[in-house]
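Beneath this line is the structure, given in structure tokens, with notes to follow.
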Amino acid sequence: MQRDSIRVLQIIGIVCGGGVEAVIMNYYRNLDRSKIQFDFVVDGYDKTILDDEILSLGGKVYHVEPYRRNIFRYMKQVYWIVKKENYDIVHVNMNTLSIFSLFPAWLAGAKIRILHNHSTAVKNEGVRSILKKVLRPLAPLFANRYAACSVLAGRWMYGEKRVNSGGIKIIRNAIDVNEYAYSSDLRKKYRTELGIADDILVIGHVGRFMFQKNHAFLLKIFNEVCKRSSKAMLLLVGEGELRMEMERCAARYGIADRVRFLGLRRDVHQLYNAMDVFVLPSWYEGLPVVSVEAQANGLRSLFSTNVTAESGITRSAEFYPLTEGADKWAEHILQGNNRRNENASADLRMSGFEIHSQAEALIAWYEKEIAIKKRS
1 MQRDSIRVLQ IIGIVCGGGV EAVIMNYYRN LDRSKIQFDF VVDGYDKTIL
51 DDEILSLGGK VYHVEPYRRN IFRYMKQVYW IVKKENYDIV HVNMNTLSIF
101 SLFPAWLAGA KIRILHNHST AVKNEGVRSI LKKVLRPLAP LFANRYAACS
151 VLAGRWMYGE KRVNSGGIKI IRNAIDVNEY AYSSDLRKKY RTELGIADDI
201 LVIGHVGRFM FQKNHAFLLK IFNEVCKRSS KAMLLLVGEG ELRMEMERCA
251 ARYGIADRVR FLGLRRDVHQ LYNAMDVFVL PSWYEGLPVV SVEAQANGLR
301 SLFSTNVTAE SGITRSAEFY PLTEGADKWA EHILQGNNRR NENASADLRM
351 SGFEIHSQAE ALIAWYEKEI AIKKRS
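Quick note: the sequence shown uses full-length UniProt numbering, first residue 1, plus one each step.
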């Protein structure tokens, strides 16, 4: 790392194999690290699956008190990290909870403080919905630069006026398109490893086991699929607090032998090849990176209409309402055309979701904001 390189502190919260850290790491792997370097603040003192890679790329990992355990200790630790290291930019990726990082960063004198919103919300999330409603207007108060993964996520966090005025930077959930391109050889390899015959319809899902992702409804859909077809399999990739509950749910439906819980995987980009259709029945999303990944593989991708229409990057994307019920979803899945989209890579590049060009654009934005701050 050169002395004159830009130093950015990325605050990402809990590392759980989710979309936010996947997006930030996609950028980190592909940007010019002679121009810019990322360090990371993560919740918890245990080593994460990202630590070794971050260190190998020249970054630091600061493990801090989990904010859920002691928010004041968390804020104090963030303050001292920012104060000691004198970062050019503090980039916070914790949505409505970002205020608990932005406030200590402001106190510590960070000149550029970015709030990057990655999500939206719904009203039926219980206590979480109440907290988000309270924290949403507070989150931007100590930021002086504003970003979002989509226009919808920008409107939800900052309001229509700020988005329409051009005051929000849209940082796309970009990926290495080539890495996700479909391979018939990898399809054979993974189906063999998983013991899945060629004539089996494989429905896939990648996401953390949490309320937002709506796994309970996904299992209900798959139960309806199983009533209509004896040749179907469901692959669930991810971990989370609701995994055990979902395993019990599959057992109650009597479909446990047709549902594979694959846990966290480092080979998700290859695992997509084993699937025939990707299903994401989320309650809400900003712009899920898995929607980009699945489409890059050419997969037929079925999203709930609660997922932003901005996720429909290629012609293989479809949107279906949650109000239609599990039986209608099952019929829609079984009646659709699962042929791979051969133009997927070109479609994503044309739409601005290729990581190499977007990493250059992110560096340019950082450099521009630093130059503006120096002149002010």
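Using N, Cα and C, we set each Cβ at its ideal position, and we do this for glycine too. Fair warning: this is a prediction, and the values are worked out from it, not measured in the lab.
Quick one: what does DSSP say residue i is sitting in, helix, strand or coil?
| i | result |
| --- | --- |
| lysine 76 | helix |
| tyrosine 146 | strand |
| methionine 350 | helix |
| alanine 232 | strand |
| glutamate 324 | helix |
| histidine 118 | coil |
| arginine 7 | strand |
| alanine 317 | strand |
| lysine 161 | helix |
| isoleucine 372 | helix |
| isoleucine 170 | strand |
| arginine 128 | helix |
| arginine 68 | coil |
| residue 377 | Residue 377 lies beyond the residue range present for the chain, which begins at 1 and ends at 376; the question has no answer from this structure. |
| glycine 154 | helix |
| proline 137 | coil |
| glutamate 342 | coil |
| alanine 108 | coil |
| residue 377 | An answer regarding residue 377 cannot be provided, because it is not within the stretch 1 to 376 covered by the chain. |
| tyrosine 253 | helix |
| lysine 47 | coil |
Going straight from the alpha carbon of residue i to that of residue j, what length do you get?
| i | j | result |
| --- | --- | --- |
| serine 129 | threonine 120 | 10 Å |
| residue 409 | glutamate 160 | Residue 409 is absent from the structure shown; the chain starts at 1 and stops at 376. |
| leucine 138 | isoleucine 99 | 7 Å |
| valine 78 | serine 101 | 7 Å |
| methionine 246 | histidine 215 | 7 Å |
| methionine 1 | isoleucine 370 | The predicted model places methionine 1 with a pLDDT of 45, which falls under 50 and marks its position as unreliable, so this point remains unresolved. |
| glycine 17 | leucine 235 | 16 Å |
| lysine 320 | glycine 312 | Checking the sequence, you will find tyrosine at residue 320 rather than lysine. Their backbone Cα atoms lie some 12 Å apart in a straight line. |
| valine 8 | phenylalanine 72 | 23 Å |
| aspartate 32 | glutamate 179 | 19 Å |
| isoleucine 112 | arginine 265 | 35 Å |
| glutamine 270 | alanine 143 | 38 Å |
| leucine 141 | alanine 250 | 44 Å |
| methionine 233 | isoleucine 203 | 6 Å |
| glutamate 354 | isoleucine 175 | 6 Å |
| threonine 305 | glycine 19 | 19 Å |
| glutamine 335 | lysine 231 | 14 Å |
| tyrosine 366 | histidine 116 | 13 Å |
| glycine 154 | phenylalanine 303 | 20 Å |
| methionine 157 | lysine 60 | 29 Å |
| isoleucine 363 | aspartate 88 | 13 Å |
| serine 184 | glycine 109 | 53 Å |
| glutamate 65 | glutamine 10 | 16 Å |
| tyrosine 190 | asparagine 26 | 24 Å |
Starting from residue i, follow its DSSP beta bridges and name the residues at the other end.
| i | result |
| --- | --- |
| valine 61 | Phe40 |
| valine 92 | Ile11 and Leu115 |
Here's a check: name, in chain order, each residue in its chain whose Cβ is nearer than 7 Å to the Cβ of residue i, leaving out the five neighbours to either side.
| i | result |
| --- | --- |
| histidine 356 | Asn30 |
| lysine 220 | Ala326 |
| aspartate 347 | Ile313 and Thr314 |
| histidine 63 | Val42, Gly44 and Tyr45 |
| leucine 186 | Gln270 and Asn273 |
| threonine 192 | none |
| isoleucine 168 | Tyr146, Ala147, Ala148, Gly154, Tyr158 and Arg162 |
| valine 206 | Val237, Gly238, Val268 and Val290 |
Residues in the same chain with beta-carbon distance under 8 Å from residue i, minus the five sequence neighbours each way, listed in chain order, please.
| i | result |
| --- | --- |
| proline 104 | Met75, Lys76, Val78, Tyr79 and Val82 |
| arginine 243 | Phe209 and Phe261 |
| arginine 339 | Arg300 |
Does any C-beta atom of chain B lie closer than 8 Å to the C-beta of residue i?
| i | result |
| --- | --- |
| threonine 308 | Going by chain labels, chain B is absent from the structure shown, which holds only one protein chain. |
Go through its chain and collect everything with a Cβ distance to residue i's Cβ below 6 Å, but skip five positions before and after it.
| i | result |
| --- | --- |
| residue 377 | Outside the displayed range of the chain (1 to 376) lies residue 377, so it cannot be described from this structure. |
| tyrosine 28 | Phe38 |
| alanine 256 | Ala250 |
| phenylalanine 217 | Pro281 |
*Which runs of the alpha helix (DSSP H) spanning at least 4 residues fall entirely within the segment 259 to 314, listed in chain order?*
268 to 271 and 289 to 296
*Going along the chain, which unbroken runs of the alpha helix (DSSP H) with 4 or more residues stay wholly within the segment 176 to 251?*
184 to 194 and 215 to 228
*What runs of the beta strand (DSSP E), each 3 residues or longer, lie entirely inside the segment 11 to 35?*
none
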